[in-house]
Structure formats: C-alpha cells, structure tokens
Amino acid sequence: MKIFTAIQEIRTHISERKQHGEMIGFVPTMGALHEGHFSLMTQALKENDAVVVSIFVNPLQFGPDEDYEAYPRTLDADLEKAEARGVDIVFAPSAAEMYPEEMQTGVHVHEGTDVLCGKSRPGHFDGVATVVLKLLQIVQPARSYFGQKDAQQAAVLTNMARDFNLSTEIVTGPTVREPDGLALSSRNVNLTSGERREAVWLYEGLKQGALWIEEGSYGPGEILKKAKHTVEANISGTIDYMDILTYPGLKPVKEWNGQVIIAGAVQFSGARLIDNIILSFGQKERV
Ligand code: AMP
2 MKIFTAIQEI
12 RTHISERKQH
22 GEMIGFVPTM
32 GALHEGHFSL
42 MTQALKENDA
52 VVVSIFVNPL
62 QFGPDEDYEA
72 YPRTLDADLE
82 KAEARGVDIV
92 FAPSAAEMYP
102 EEMQTGVHVH
112 EGTDVLCGKS
122 RPGHFDGVAT
132 VVLKLLQIVQ
142 PARSYFGQKD
152 AQQAAVLTNM
162 ARDFNLSTEI
172 VTGPTVREPD
182 GLALSSRNVN
192 LTSGERREAV
202 WLYEGLKQGA
212 LWIEEGSYGP
222 GEILKKAKHT
232 VEANISGTID
242 YMDILTYPGL
252 KPVKEWNGQV
262 IIAGAVQFSG
272 ARLIDNIILS
282 FGQKERV
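When you line the sequence shown up against our numbering, it's residues 2 to 288, in that order.
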C-alpha cells in the first residue's frame with residue numbers, strides 16, 4: 002500500500018496508474034476507521050482497479066464549539082487496517098497541506114441545508130462540499146463512495162457532482178451497524194459506557210417511526226411525536242432533531258411516495274450521533 006501526504010506526489014502516482022488504464026475508486030474518510038468505512042472500501046475494491054482512501058479531519062466542516070480537537074485520530078492503526086483490507090493508496094495530508102493559506106473561495110450549498118444537520122450545524126455542508134471538491138480534484142476518481150449513514154451529506158454531494166459536472170460517479174453504500182443496531186461511527190468511542198448502552202435508542206426510535214410510516218395510519222407529525230418520545234424516554238442526552246422528509250430532496254412529506262427518510266441526531270456529553278432509515282414507496286398514498 003502506498004501512503005502519501007503530499008498533494009503533488011499522489012497526483013503524479015495516480016496519473017501514472019491512469020496511464021496504465023486503471024479505474025480509480027475513492028473513499029474519503031476522517032479516519033478512526035471502522036467496518037462502516039471498510040464496507041465502502043470493499044465495494045470500491047470490487048468495482049475499480051485501484052482504491053484510494055483519504056484520511057483527513059477537515060477543520061472547515063467543524064463549527065467553533067464542535068469536536069474538531071476531540072475527534073478521534075488513530076492514523077497508525079488506520080494504515081494497518083486499510084492495508085489488511087487491500088486498499089492500494091492512502092492519502093493522509095496535514096491541514097497545512099490541504100489549506101496552506103486561508104481559502105479565498107469555497108463551495109456554498111444552498112439547497113437541502115435548511116433541515117437536519119444543515120440546520121443545526123450552520124456552514125457544515127459548505128465545509129464538507131469544499132473539502133470533497135478539493136479531494137476529487139486531487140484524486141480524480143471514476144467513482145467515489147459515501148455512506149447512507151450520512152444521508153444528507155450523500156444528497157448534498159450528489160447534487161454538487163451534478164451541478165459542477167464532476168466526472169466522478171457518486172456511489173452510496175448501506176449503513177453498517179453494531180450487533181445491537183447502533184450505527185458505527187468514529188465518534189462512538191467518545192460515549193461514556195452508560196451512553197453507549199442508551200445510544201441504540203436513537204435507532205430504536207427511528208425503527209418505530211419507520212414501521213408507523215409503513216403502516217400508513219398516522220401522518221409525519223404524529224409519528225415524529227411518538228418516535229421522539231421513545232428516544233427521549235431512554236437516553237440521558239438530548240434530541241437535536243428528528244424529522245421525516247422526502248429523499249434525496251429533503252422536503253416536507255406530502256404523500257407517502259418515492260423515497261422518504263426518517264432521520265435523527267442526539268447530543269450526548271462527548272459525542273453527537275446521527276442515524277436514519279430510508280423507505281421506498283411504489284404507489285402514491287395520502288399522508
Ligand atoms: P467519516 O470518516 O465519518 O467522515 O465517514 C467517511 C465515510 O464513511 C462517509 O461517507 C460516511 O457516510 C461513511 N460511514 C461512516 N459511518 C458509516 C457506517 N456506519 N456505515 C456506512 N458508512 C459509514
């Protein structure tokens with residue numbers, strides 16, 4: 002496995018591989034790698050000739066009071082695990098390499114950010130879109146892989162790729178969970194042991210909500226009230242949001258039609274966790 006920290010060096014290496022006709026798959030991450038990341042890498046390895054994984058905790062996507070400093074960083078272990086999974090290339094730049102000077106330009110995401118994480122983390126998706134655009138320019142992959150766990154992020158980046166005619170295909174992989182249902186997240190290590198036991202209730206609440214959506218006997222407002230109650234009754238943290246929206250449009254649901262997302266975020270003492278379930282409807286049903 003090749004490891005690069007310098008933009009110019011990875012660019013040269015990737016362009017040599019492309020000259021040999023290799024299709025590049027790309028999995029951007031912030032490291033502290035887990036099975037959620039590895040499932041994207043496995044899919045990328047199946048669908049491409051070579052896989053690039055980036056490991057970069059992007060300061061641009063963290064708000065001033067968020068967990069940029071406390072975000073887990075485990076580079077040595079990440080490199081070992083990535084190599085064991087058959088990854089070809091890791092790009093692990095420093096913040097100074099990615100942002101040698103203050104950015105004079107940035108991507109502004111102006112659709113689909115007035116809800117969910119976009120609403121509670123102002124500027125977050127501008128930071129995500131900006132770093133992903135930079136990484137895509139550096140790696141120039143045929144396909145890029147993102148997790149459904151961050152469904153709003155996947156929607157925002159799919160829109161960006163279309164809006165800017167990016168030459169990469171955005172591929173979304175399913176959410177990988179712990180045996181009890183908690184979605185894997187690098188932030189889970191920042192839960193206390195009590196919070197770890199409670200954390201599964203976010204998914205339990207979403208699952209209940211998803212069942213009621215499928216049953217079709219309640220509207221979104223009523224379902225959210227019940228699902229929030231389930232979560233609130235079982236966690237010491239606070240609900241940041243729970244919502245039911247169209248997907249990937251992220252608009253209020255007027256009828257059970259197409260894809261619908263039920264998503265939630267919970268703030269614990271040292272970690273904010275998010276999760277979601279996406280449902281698909283064939284025929285139109287009134288809410
Ligand atoms: P992160 O390192 O948290 O920024 O995540 C890097 C990529 O892995 C993103 O596309 C995430 O959506 C994806 N990812 C994170 N957790 C999971 C999970 N539990 N299952 C599937 N994909 C995930």
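Ideal Cβ positions, reconstructed from N, Cα and C, are used throughout, including at glycine.
Model, not experiment: these values are computed from the prediction.
Residue i beta carbon near the ligand GDP (any heavy atom closer than 6 Å)
i   : result
T30 : With respect to small molecules bound, the structure shown includes the ligand AMP and not the ligand GDP.
One or two residues paired with residue i in a DSSP bridge
i    : result
N59  : DSSP output for N59 lists no bridge partner at all.
A45  : DSSP, once it has assigned bridges, lists no residue as partnering A45.
T131 : T131 is not bridged to any residue.
L280 : V261
K292 : Nothing about residue 292 can be reported from this structure: the residues present for the chain run from 2 to 288 only.
T30  : I56
F39  : None; F39 has no bridge partner.
I275 : A266
S145 : F27, I171
A51  : I25
Residue i Cβ short of 6 Å to the ligand AMP heavy atom set
i    : result
T176 : yes
D127 : no
L185 : yes
F92  : no
D151 : yes
H230 : no
Y147 : First, the amino acid is wrong: residue 147 is Phe here, not Tyr. Yes, since a heavy atom of the ligand AMP falls inside the 6 Å radius drawn around the Cβ of F147.
G265 : no
H109 : no
G271 : no
H38  : yes
Whole-Å CB distance - residue i paired with residue j, under 8 Å assumed
i    : j    : result
I278 : A266 : Not a contact, Cβ separation roughly 14 Å.
Q270 : E196 : Just to set this straight, residue 270 is Ser in the shown sequence, not Gln. Yes, S270 and E196 are in contact; Cβ-Cβ is about 7 Å, under 8 Å.
A156 : L251 : 6 Å
E170 : A143 : 7 Å
I8   : A51  : Contact flag wrong, Cβ pair sits at about 18 Å.
V172 : I214 : Actually they do not touch by this definition, with Cβ atoms about 26 Å apart.
I11  : I139 : 6 Å
G174 : L41  : 5 Å
I245 : P221 : 4 Å
G119 : Q153 : 6 Å
G206 : K229 : 7 Å
N289 : G26  : As displayed, the chain neither begins before 2 nor continues past 288, which places residue 289 out of reach and without an answer.
L167 : L137 : 6 Å
>> Can you confirm whether the region 25 to 37 touches the region 51 to 64 when touching is taken to mean that 3 or more C-beta pairs between the two stretches lie within less than 8 Å?
In response: Touching, yes.
> Hey, which unbroken runs of the alpha helix (DSSP H) at 4 residues or more fall wholly within the region 149 to 214?
Replying inline: Runs found: 152 to 164.
>> For a minimum of 3 consecutive residues, which ranges assigned as the beta strand (DSSP E) are wholly contained in the region 219 to 268?
In response: Segments of the beta strand (DSSP E) lying fully in the region 219 to 268: 239 to 248, 256 to 268.
> Can at least three beta-carbon pairs, one atom from the region 125 to 144 and one from the region 106 to 116, be found at a separation below 8 Å?
Replying inline: With a cut-off of 8 Å, the region 106 to 116 and the region 125 to 144 count as touching, because enough Cβ pairs lie within range.
> Using 8 Å as the Cβ pair cut-off and three pairs as the minimum, do the region 30 to 49 and the region 178 to 197 touch?
Replying inline: Because the criterion of three Cβ pairs below 8 Å is met, the region 30 to 49 and the region 178 to 197 touch.
> Is the region 175 to 182 touching the region 58 to 73, taking contact as three or more C-beta pairs under 8 Å?
Replying inline: Contact between the region 175 to 182 and the region 58 to 73 is absent, because fewer than three Cβ pairs lie under 8 Å.
> Between the region 80 to 93 and the region 197 to 209, are three or more C-beta pairs nearer than 8 Å?
Replying inline: Three or more Cβ pairs closer than 8 Å define a contact, and the region 80 to 93 falls short of that threshold against the region 197 to 209.
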